[in-house]
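K.L.:
Protein chains in written order, with my numbering: chain A, 5 to 352; chain B, 5 to 352; chain C, 5 to 352; chain D, 5 to 352.
Take a look at the following structure, please.
Number of protein chains: 4
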Amino acid sequence: MPAKLNTAVVGATGYSGLELTRLLLRHPQVETPLLLSRQGEGSTPVNLADLFPVLSGNGGYPLQPLSWDKLKEKGVQLLFLATPHEASRALVPEAVARGLRVIDLSGAWRLREAAHRAVYAFKDEGSAAAEEFTERAVYGLPELNGDAIPGATVVANPGCYATSVILALAPLVKAGILDRQRGIVSDSKSGVSGAGKEPTSRTHFVSVADNLSAYSVFGHRHTGEILEQLRLTPEELIFAPHLLPIPRGILSTIYVHLNQDTKAADIESCFRGFYAGKRWVRIFAPPRLPEIQFSANTNFCDIGFSLAKDGRRLVVISCLDNLLKGAAGQAIQNMNLMYGWKEEEGLQ
Amino acid sequence: MPAKLNTAVVGATGYSGLELTRLLLRHPQVETPLLLSRQGEGSTPVNLADLFPVLSGNGGYPLQPLSWDKLKEKGVQLLFLATPHEASRALVPEAVARGLRVIDLSGAWRLREAAHRAVYAFKDEGSAAAEEFTERAVYGLPELNGDAIPGATVVANPGCYATSVILALAPLVKAGILDRQRGIVSDSKSGVSGAGKEPTSRTHFVSVADNLSAYSVFGHRHTGEILEQLRLTPEELIFAPHLLPIPRGILSTIYVHLNQDTKAADIESCFRGFYAGKRWVRIFAPPRLPEIQFSANTNFCDIGFSLAKDGRRLVVISCLDNLLKGAAGQAIQNMNLMYGWKEEEGLQ
Amino acid sequence: MPAKLNTAVVGATGYSGLELTRLLLRHPQVETPLLLSRQGEGSTPVNLADLFPVLSGNGGYPLQPLSWDKLKEKGVQLLFLATPHEASRALVPEAVARGLRVIDLSGAWRLREAAHRAVYAFKDEGSAAAEEFTERAVYGLPELNGDAIPGATVVANPGCYATSVILALAPLVKAGILDRQRGIVSDSKSGVSGAGKEPTSRTHFVSVADNLSAYSVFGHRHTGEILEQLRLTPEELIFAPHLLPIPRGILSTIYVHLNQDTKAADIESCFRGFYAGKRWVRIFAPPRLPEIQFSANTNFCDIGFSLAKDGRRLVVISCLDNLLKGAAGQAIQNMNLMYGWKEEEGLQ
Amino acid sequence: MPAKLNTAVVGATGYSGLELTRLLLRHPQVETPLLLSRQGEGSTPVNLADLFPVLSGNGGYPLQPLSWDKLKEKGVQLLFLATPHEASRALVPEAVARGLRVIDLSGAWRLREAAHRAVYAFKDEGSAAAEEFTERAVYGLPELNGDAIPGATVVANPGCYATSVILALAPLVKAGILDRQRGIVSDSKSGVSGAGKEPTSRTHFVSVADNLSAYSVFGHRHTGEILEQLRLTPEELIFAPHLLPIPRGILSTIYVHLNQDTKAADIESCFRGFYAGKRWVRIFAPPRLPEIQFSANTNFCDIGFSLAKDGRRLVVISCLDNLLKGAAGQAIQNMNLMYGWKEEEGLQ
């Protein structure tokens, strides 16, 4: 039996980091991960089970201050970053210099084009390190980038919204059947865990319950990922996120026009062909449509659609769990590809 | 002091009917309404406060079997129908023959064009009565039809979704600034009271909570109202409703393209101009956008928008309470117009 | 027509303060209230409609820094404090010195006994002013203290939990039918608005949704009010609050033993007799029990019960809206008593 | 490697049956279970993945009509019944006659005493079969009945509420420290899945959301289980269930008086001692208390407590997932005991 992989997680105290830690803890090929906090995140080691009592009863999970020596001593080969993007920008170059492979869950290294990165206003924009890792980072969407991920040193784990939109559109874009000039609309809705663990007036229960609100219309950070991966121009896409009164899950309703009269069976074939053999995408045959509940707490991205009688107007529905296929689950899927394991290992 | 108006409500046991009854009970110009149940709805009189304990403490509210004699005896002049559409189709001709005015909350008389009515498959389609009342019924959207409503005998109270979409688009359509060829998308989301009081697997708490689902994409009954009132062709609109895990409220996110470069200030002026003096429409200046909570439990339709930097792509957000501005509140507003009272009477 | 009353509200930006402001705005006997913020609460005047867009469309609601001169100039006679308790401790003596009457929604002046106040650890405990106003303040529970409230200078508006428990128990205590030695248990559950508007990890949507938690068992601040008003000893009561995943409403389930075999009809008579003529208490006849929805958004306290077959064990259910009968609505009710208006004025 | 166990599930279409099926599907010692529907439940085979799309993507799950021949042919040894109690009353004798072992999730065989069974009004009460299996059935609470379960032919899987209350009280009862004469109160709150999948006016989203209601006070079916397992008299317990606006999870707040002055450390020791080595009970040290979220989606029963300063009044909080430790998870735990596997097999 080969030795198990040693991993470490920085940022296990956030929602994605916690979910990632839970997945790593029961992954059959992986040792219990080292849990690290960045300097300033908290002065003393914290036990993760104190923050998240759901982890109780399986032992403690002490958090230790991030230390490269500790990583070396423990033989860590793969580092997960569930950190704010500026922290990831700083940590990735050093981690790689020390021989680590990295899966970064932040938005730090997802974008190749400076115009798309502008919304982040990275402090190190333009530096040699920034340029090097922008080039080296592989966009970790396994269904599209399955060839590049196995050899990657740095995997930029995709955004949750971006995953839901890209997976819904990629087959149609590749098939060349979209009338892009008429524009693509993605009306996306996310549960509150997508807004992070920081208490704000926006995440207060009373603000969210019995409510729905749109936000960051025309300006959400995930827009650039969608444009880049699908090679769309900014004018071709309207992306409007909404905050749902639920803890987790994303549903994107995507509106496109087709450039030829099309039958529902053709659309279904297009999706099924593109995702043949892909373990974590499920295609729904009409009239059944995905709902958030179906993929919540799973690593699936569910895709369904409804075609107008004119065969020209298509509505695609795409659902996933923002913390799993939209974050931690996809990170595990990427790790599985990087180490040659089965894509579903540790995700069932 | 002039005598108060005598009214009756058929169907007070549904969500809209209950809301309507509560509004009538505290309307200063109206007597306590007569509450009527259709034959077969229930064999014996029921007390509305038994069904809805929220009404307790203000006295009882006995429901009586519908009887035209009783209506005459009580001097009822205005009849509210909160009934299924087939019931309204049958009741309206008789009510008018007996000299009553009617505000019908169902979809029975909202549509002028047979093609739009097809989705209802009315049993009396083509009959002389059907043709007469299709012609006579006034679409009861006060902000658009304020001239026709005062003299109406039969008011067809608009659908909840339709109200949210029509009010959001009417100023833009009138201004002639839409590029209709690129299509209009309305991604609409409604609380569960919009699905009615009947318990079904779809309205079961466990099916709705922590969930979001699209339904009736390309086939919802309110589509025809939107097309007709805005004079759009079916190809120009995609309307996709979604079921939200909240009790009440609608948010429509509407995506349009403009036929000329436009500034946000112009869009705001367009909305403010169109709704100048309209008591129940509120315009939000960017970057503030309406949220469902803001108009819940009020009769307001709130409208806001976000314009892309290119000045060509516009997202309009429209919110209302599906049981008030989307049903019972709008019915009261129509009554106020029909009897020459202030538009806000009984609605504050 | 007599002149309307001039009032002012300090702390309109909290949940109770907002609700109070909305009630005052439509109270027929009251002028538009002056809205004041304490020094340090925010440097510049804020418009309440910006904080709470639900107020939009009715005009603005500018907040002004608290100034005694301004109060005098505007002829304010009644001051509402929706402030933290330490702020109320400081403001009340000065307000009274300046000839104002005060209704204080905080816990500052509710408790006569030092032992009960200990949990607050008031900074001015023992000072002459503290002793004076502890004596002068009238506990503003209209159903129990209707005689003292009309002449009060300072009304201490009761706590939300306390109101629900005291109203449920007072008739039984007065009737002398409780077996107190066996103990009284109040298992109370409140919506999140009861925890205040401050965003914390405890009020984060993801912490509250799909959850229920007990807190402050044996140590909640409202315990003293219940003991004092009902003249119970600390050993006679267990009070355990819980946080519900809903925005508003309280349900208290109260368990008592009776000292004699009793019939349900006797219990019902006991409640109905005690609350005869009381506008804002509704008694439910078994087997119907109050639910949170029934009294939400109303000023009612609903009371129902279930009696064991042995006639000795009684469960009382008491529901109210924590922001209305539990706070702002009760404050209006107190004002109505203080100025000789009908108890329901402005509350329907 | 030994052959895996062949099992069958009757009633996989309910919430508990579905959860059970999902657990069996990934249990390492068990073959894919045979899914059976009772005659009349539905005329034709149904695919479980059609009812529960969350099962999609793992293959189909056809339901077949219940047939004893089919069970024999497939070599089924263990039959799970997730059926209404009357169905279980009829099926168990026949299943045992055919050599099967049974785990029954209904209330059919949980109660030894006729007085406790009265609330069910079983049609076969008093028959020879009823008496035989009432005697033979083992109450399947592993933490209390771990000795009897391994050899059981029929396991009566406990009720969800009963599990939460019994596990919280058993250590205290055994220690003899309760002052039973002063009475035990269990104020229990459950998510809506506990009310079953049947759509009713009570499970309608609009009835449950933003609400809390008590029901079956003094008359809930699980009361008898609690009394019997803890050997309490009916007068010693008040059990009051409440319906929470959440999909799943139970929290019981249990109020007891102690017959001697006790320290918190003693209470903690009492619980820890009793549950030493028990994999699926977690004890919380004060002041931390269990919350519904902590045990949701796990098989844990979490227990915590708060002791009054007088050392005499104790509040115990007990949480579990009503579909897991309260139903399907506990059934798997029982199966593990019956076949000599580790207690956590298939439950992590």
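Ideal Cβ placement from N, Cα and C applies to all residues, glycine included.
#1: Skipping 5 residues on each side, what residues in its chain have a beta carbon closer than 6 Å to that of P179 (chain D)?
#2: If distances are taken between C-alpha atoms only, which option among B:R292, B:P146 and B:P245 comes closest to Q233 (chain B)?
#3: Starting from L70 (chain D), trace the beta strand (DSSP E) both ways and give me its first and last residue.
#4: Going by the DSSP bridge assignment, what does K193 (chain B) pair with across the sheet?
#5: Just checking: is the beta-carbon of D151 (chain C) within a distance shorter than 8 Å of some beta-carbon in chain G?
#6: Using a Cβ-Cβ cut-off of 8 Å, state whether T204 (chain A) counts as contacting chain C.
#7: When you compare the CB of E272 (chain C) with every CB in chain D, is at least one pair closer than 8 Å?
#8: Would you say I296 (chain A) and E240 (chain A) are within 8 Å of each other, going by their C-beta atoms?
#9: Does DSSP put P238 (chain C) in a helix, a strand or coil?
#10: Buried or exposed for W113 (chain B), please, with buried defined as at least 16 other CB atoms from any protein chain shown within 10 angstroms of its CB.
#11: Between A:P66, A:G315, A:K267 and A:P294, which lies nearest to A12 (chain A) when the distance is taken from Cα to Cα?
#12: Listing by chain order, which chain B residues have their CB less than 9 Å from the CB of P251 (chain D)?
#13: Quick one: Cα of L327 (chain A) to Cα of L22 (chain A), how far?
#14: Report the partner residues of F309 (chain A) according to the DSSP bridge assignment.
#15: Closest to I107 (chain A) by CA distance: which of A:A268, A:S92 and A:L115 is it?
#16: Going residue by residue through the region 14–60 of chain D, where are the continuous beta strand (DSSP E) segments of at least 3 residues, counting only ones entirely within it?
#17: Beta-carbon separation of Q334 (chain C) and T167 (chain C) under 8 Å?
#18: Taking any Cβ of chain B, which residues in the region 18–37 of chain A have a Cβ under 8 Å from it, in chain order?
#19: Can you tell me which of A:A199, A:W345 and A:T207 puts its alpha carbon nearest to the alpha carbon of E202 (chain C)?
#20: Could you spell out the range, first to last residue, of the beta strand (DSSP E) harbouring F84 (chain A)?
#21: When the Cβ atoms of the region 127–134 of chain A are set against those of the region 147–161 of chain A, are three or more pairs found closer than 8 Å?
#22: Leaving aside the five residues before and after R121 (chain A) along the sequence, list all residues of the same chain whose C-beta is less than 6 Å from its C-beta, in chain order.
#23: In the region 179–195 of chain D, which residues sit with their C-beta less than 9 Å from some C-beta in chain B, listed in chain order?
#24: When Cβ atoms are compared, which residues of the region 51–84 of chain C fall closer than 8 Å to chain B?
#25: Is the Cβ of F137 (chain C) closer than 8 Å to any Cβ of chain B?
#26: I want to verify the contact list: residues of chain B whose CB lies under 9 Å from the CB of S197 (chain D), in sequence order.
#27: Please determine, among D:K267, D:P6 and D:S299, the residue with the shortest C-alpha to C-alpha distance to D325 (chain D).
#28: What does a CB cutoff of less than 7 Å around N338 (chain A) pick up in its chain, not counting 5 residues either side in sequence?
#29: If I follow the unbroken alpha helix (DSSP H) through R93 (chain C), where does it start and stop?
#30: Considering only the beta carbon of each residue, do A174 (chain D) and A86 (chain D) sit closer than 8 Å?
#31: Could you check which residue in B:A119, B:V212, B:A141 and B:Q185 has the C-alpha nearest to that of N263 (chain B)?
#32: G79 (chain A): buried (16+ other C-beta within 10 angstroms of its C-beta) or exposed?
#33: Leaving out five residues on either side along the sequence, give the residues of the same chain with a beta carbon under 8 Å from the beta carbon of R4 (chain D).
#34: By DSSP, does Y219 (chain A) sit in helix, in strand, or in coil?
#35: Can you tell me which of C:M342, C:G198, C:W345 and C:W284 puts its alpha carbon nearest to the alpha carbon of L248 (chain C)?
P.N.:
On the basis of the coordinates in this document:
#1: Sequence check: residue 179 (chain D) is Ala here, not Pro. For A179 (chain D), where only same-chain residues beyond five positions count, the Cβ hits under 6 Å are C274.
#2: B:P146
#3: Run containing L70 (chain D): none; DSSP gives neither H nor E here.
#4: B:H246 and B:L255
#5: The structure shown contains no chain G; its protein chains are A, B, C and D.
#6: yes
#7: By this cut-off, E272 (chain C) is not an interface position.
#8: With respect to E240 (chain A), I296 (chain A) sits apart: the two C-beta atoms are not nearer than 8 Å.
#9: In the three-state reduction of the DSSP assignment, P238 (chain C) falls in the helix class.
#10: buried
#11: A:P66
#12: F209, V210, A213 and D214
#13: 9 Å
#14: BP columns for F309 (chain A) point to A:V320.
#15: A:S92
#16: 38–41
#17: For Q334 (chain C) and T167 (chain C), yes; Cβs fall inside 8 Å.
#18: For the region 18–37 of chain A, which is checked against every Cβ of chain B, not one residue is closer than 8 Å.
#19: A:T207
#20: L82 to L85
#21: no
#22: L115
#23: G195
#24: P57, V58, S60 and G61
#25: Answer no: the Cβ-Cβ gap between F137 (chain C) and chain B never drops below 8 Å.
#26: F209 and V210
#27: D:S299
#28: I107, G144, P146, I153, V159 and N161
#29: Residues H89 to A101.
#30: Not a contact, by the Cβ cut-off of 8 Å.
#31: B:Q185
#32: G79 (chain A) comes out exposed.
#33: Shown here, chain D extends from 5 to 352; a query on residue 4 (chain D) therefore has no answer.
#34: coil
#35: C:G198
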